[in-house]
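Take a look at the structure set out below.
In the UniProt record's numbering, the protein residues as written are 1 to 138.
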């Protein structure tokens, strides 16, 4: 087990695209679970996105992907799991502490496309900023 003294979020992934066969099912699922974790979903013509996550219908499908959303506390992980199951997700690990590192509290569900989606709370921490904000320089 690794003990982290400092870690960073938001600097490694530019975006993650999922290509799914059940677009409408995934749209319902992600609208519901992203509302729980407080991240707005934006719909376009033939796609939706939320921050770095971009989802489109099509073939060939992406395949099974693991994606972890940050949760603010254990209660949010529990709500995520319940809402995911109510909106087309399938249980892949009920809310609880994992042995990945001390304080790692998570839940896992499979989305309608079969992707392993996690909500994780790493324990109390102080953020230097709520998020990285990108702006157009023009």
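Heads up, the beta-carbon is just placed ideally off N, CA and C, and yes, glycines get one too.
In this text the structure is predicted, and so the values were computed from the model without any measurement.
- Sequence-distant partners of residue 118 (beyond 5 residues in either direction) whose C-beta falls short of 6 Å from its own C-beta, in its chain, are 68, 106 and 108.
- Counting the other Cβ atoms within 10 Å of the Cβ of residue 89 gives 16 or more, which makes it buried.
- In the structure shown, the three-state DSSP call for residue 81 is helix.
- One alpha carbon belongs to residue 102, the other to residue 116, and they sit about 22 Å apart.
- The bridge partners DSSP lists for residue 56 are 19.
- Counting other Cβ atoms within 10 Å of its Cβ, residue 111 reaches 16 or more and is therefore classed as buried.
- Our two residues, residue 49 and residue 43, have alpha carbons roughly 7 Å apart in a direct line.
- Its Cα nearest to that of residue 125, the residue 104 stands out among 104, 138 and 18.
- For residue 105, the enclosing beta strand (DSSP E) has its first and last residue at 105–110.
- Three or more Cβ pairs closer than 8 Å define a contact, and the segment 125–137 falls short of that threshold against the segment 33–47.
- Per DSSP, residue 95 is one residue of the beta strand (DSSP E) stretching across 90–97.
- Using a Cβ distance threshold of 8 Å, residue 76 and residue 37 count as a contacting pair.
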